[in-house]
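Undergrad: Protein chains in written order, with my numbering: chain F, 1 to 84; chain B, 1001 to 1230. Submitted below is the structure of interest, expressed as structure tokens.
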Amino acid sequence: MEEVFDYNYSRSDIKKEIIRSGAGLGLPSGWLEQIAEITTKAVDDWIADKATVTEDDIRRRIVMELEPLNADIAYAFDNYDKII
Amino acid sequence: MSDLFNVAIVLLAGLTQASLQLSFGALILLYHASIGKHSRNKTRFLAKSYIIGSGVISFLMVGTIAFILSTIFDGKIDATVTIMILVGILLASSVVMWKFYFRKGAKTQLWLPRSFANYISKRARGTNDVIEAFSLGTLSSFAEMPISLALYVVAAYGILQMSGFWQVIALISYALLSVMPLLVLKVRLKTGRNVVEVQRWRVSNKNFLKHFSCFSFITLAATILSFWVL
């Protein structure tokens, strides 16, 4: 099936957000790049066979992919809007 | 009544103000965004500016209300009726802290309308200079005003009962106490904790924070009822 991305989906934006989230925890940049690359690739593969996905679906998938790589970044990503 | 009792009441009001969570949450967001974007020094300056902004509002509000009380009411308000109203507001605030302050779930979302909370989050994450950080500190203090106004009034009235020297001490102590959690957060992050650990602690101890705040309001209400009315 041909890959179709919602016009809002941006692999590079998600990668930047993951890196920013991890940098906010003081993690090394090289490691963050790898984590972000692995996560965004996994999300791309997951999206590939979906006709429609929502932003919340993408967020949940990102958290799921991040969790085994670094629990703190996954937590920060998941809870960015639950602090105040 | 001795100055020391009034100082104790003002300090208790400051401690109750310190139990409010909006400023703390906004500072966590500011730290998280800033550590990823800026140097350590800049992050420290931003945090300092934020804390100063928050403390300045407490200082100015208490001072202003004390001034208003002393000029309009000539330093005296109808003790029984007005203080009973204050006691009622404090007890109502304790119920608000218990039932409505935190939203339900494994999160520390507060009672604020979501659009305003998102605005503060966005500002916290987008803070890039000290003026913005200072303004964010003042904004977060203002946002808590529906709950903290009664505390300011209690502190102002307590300060008016004291002699000149104790007034200055009490006012400065109130402002410092109100930002004490922010200072503790700054020290904790400096000594190796990260913001996720702090936030996890807040979520897992949400009930403790809620109860502490609630009982602080009740204790303050009981204290001013005992010392200023009975």
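Quick reminder that beta carbons are idealized off the backbone N, C-alpha and C, glycines included.
At least one CB of chain B closer than 9 Å to the CB of residue 36 of chain F: is that the case?
TA: With 9 Å as the cut-off, residue 36 of chain F does not count as an interface residue toward chain B.
Undergrad: DSSP state of residue 1022 of chain B, grouped into three classes?
TA: Correct three-state label for residue 1022 of chain B: helix.
Undergrad: Looking at residue 1057 of chain B and residue 1186 of chain B, is the spacing between their C-beta atoms short of 9 Å?
TA: Not a contact, by the Cβ cut-off of 9 Å.
Undergrad: Taking only beta-carbon positions, decide if residue 13 of chain F is within less than 9 Å of chain B.
TA: Chain B, which has no Cβ nearer than 9 Å to the Cβ of residue 13 of chain F, makes this no.
Undergrad: Please identify the residue among F:61, F:13, F:83 whose C-alpha is closest to the C-alpha of residue 74 of chain F.
TA: Answer by Cα proximity: F:61.
Undergrad: Suppose the cutoff is 6 Å on Cβ atoms and the five residues either side in sequence are ignored; what does the same chain contact list for residue 1066 of chain B look like?
TA: 1156, 1159, 1160.
Undergrad: Give the DSSP bridge partners of residue 1110 of chain B, in chain order.
TA: B:1102, per the DSSP bridge assignment.
Undergrad: When the distance is taken between beta carbons, is residue 1008 of chain B closer than 9 Å to residue 1178 of chain B?
TA: Contact: no.
Undergrad: Enumerate in chain order the residues of its own chain whose CB-to-CB distance from residue 1203 of chain B is below 8 Å, with the five nearest sequence positions on each side excluded.
TA: Excluding sequence neighbours, residue 1203 of chain B sits near 1106, 1107, 1108.
Undergrad: Locate the alpha helix (DSSP H) running through residue 1041 of chain B, then write down its first and last residues.
TA: Note, residue 1041 of chain B: alpha helix (DSSP H), 1040-1072.
Undergrad: Flag this pair as touching only if the segment 1208-1218 of chain B and the segment 1086-1100 of chain B have three or more C-beta atom pairs under 8 Å; answer yes or no.
TA: A contact exists between the segment 1208-1218 of chain B and the segment 1086-1100 of chain B.
Undergrad: Quick one: is residue 65 of chain F buried, meaning 16 or more other Cβ sit within 10 Å of its Cβ, or exposed?
TA: By the 10 Å Cβ count, residue 65 of chain F comes out buried.
Undergrad: Check each residue of the segment 1109-1121 of chain B: if its Cβ is closer than 8 Å to any Cβ of chain F, include it; give the result in chain order.
TA: Listed by position along the chain: 1109, 1110, 1112, 1117, 1118, 1120, 1121.
Undergrad: Between residue 39 of chain F and residue 18 of chain F, how many whole angstroms is the CB-CB distance? I'm expecting something under 8 Å.
TA: Confirmed, Cβ separation roughly 6 Å.
Undergrad: Using a Cβ-Cβ cut-off of less than 9 Å, list which residues of the segment 1046-1058 of chain B approach chain F; keep chain order.
TA: So the list is empty, because no residue satisfies the distance condition.
Undergrad: Could you tell me how far apart the beta carbons of residue 1027 of chain B and residue 1047 of chain B are, in whole angstroms, since I believe they sit closer than 8 Å?
TA: Sure, about 7 Å apart at Cβ, within 8 Å.
Undergrad: Quick one: what does DSSP say residue 1163 of chain B is sitting in, helix, strand or coil?
TA: Of the three classes helix, strand and coil, the one that applies to residue 1163 of chain B here is coil, per DSSP.
Undergrad: With a threshold of 9 Å between beta-carbons, can residue 92 of chain F be considered close to chain B, or not?
TA: This structure gives no information on residue 92 of chain F, because the portion of chain F shown stretches from 1 to 84.
Undergrad: Run through DSSP, which three-state label would residue 1129 of chain B get?
TA: Residue state, collapsed to three classes: coil.
Undergrad: Based on Cα-Cα distance, which residue from B:1132, B:1079, B:1121, B:1055 lies nearest to residue 81 of chain F?
TA: The option with the nearest alpha carbon to residue 81 of chain F is B:1121.
Undergrad: For residue 48 of chain F and chain B, any beta-carbon pair shorter than 9 Å?
TA: Judged by the 9 Å Cβ criterion, residue 48 of chain F is not in contact with chain B.
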